[in-house]
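Participant:
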Amino acid sequence: MAAIHITDIEAAINHWRARKPSPDGVTLAPEIRALAEVYALMVYHHEDEVDEVGFPAKAWAAWLAWYETTPDTPCIAICSTSQGDNQCKGCGRSFDEVQHWPAMSPAEKR
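Quick note on numbering: the sequence shown equals residues -3 to 106 in the numbering used here.
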């Protein structure tokens, strides 16, 4: 299964912090709390990736909601694999990754 990098967890937390700021400087929105629990465990265990399998349901829903705000493209539509390269010079993805992009899961796309 695909893994989610800690920087994506951070980006999702920041997304939710902007959307649902703490009303009192202490209380966290449910989405932030769910993602923060995953983040804290990753930091505690010195892990930079977490497998999407077993991801807590509330954290997964919050992460997916953030993911839906990101562009759904492997790069900026100027892919050197369409010019015969085995690896895109722009995003670094392989020809196979670019070809299978529409069928990939959100975590696989990250």
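Heads up, the beta-carbon is just placed ideally off N, CA and C, and yes, glycines get one too.
Nearest by alpha-carbon distance to residue -2: which of 88, 50, 76 and 29 is it?
Facilitator: Scanning 88, 50, 76 and 29 for the CA closest to the CA of residue -2 turns up 50.
Participant: Determine the contact status of residue 0 and residue 39, defining contact as a CB-CB distance below 8 Å.
Facilitator: By the CB criterion at 8 Å, residue 0 and residue 39 fall outside the cutoff.
Participant: Determine the extent of the alpha helix (DSSP H) in which residue 92 is found, giving its start and end residues.
Facilitator: 91 to 96
Participant: Buried or exposed: which applies to residue 4, given that a residue is buried once 16 or more other Cβ atoms fall within 10 Å of its Cβ?
Facilitator: Residue 4 comes out buried.
Participant: Among all the DSSP beta bridges, which residues are the ones paired with residue 46?
Facilitator: 0
Participant: Measuring straight from C-alpha to C-alpha, what distance separates residue 14 and residue 2?
Facilitator: When rounded, the distance between both Cα atoms is 19 Å.
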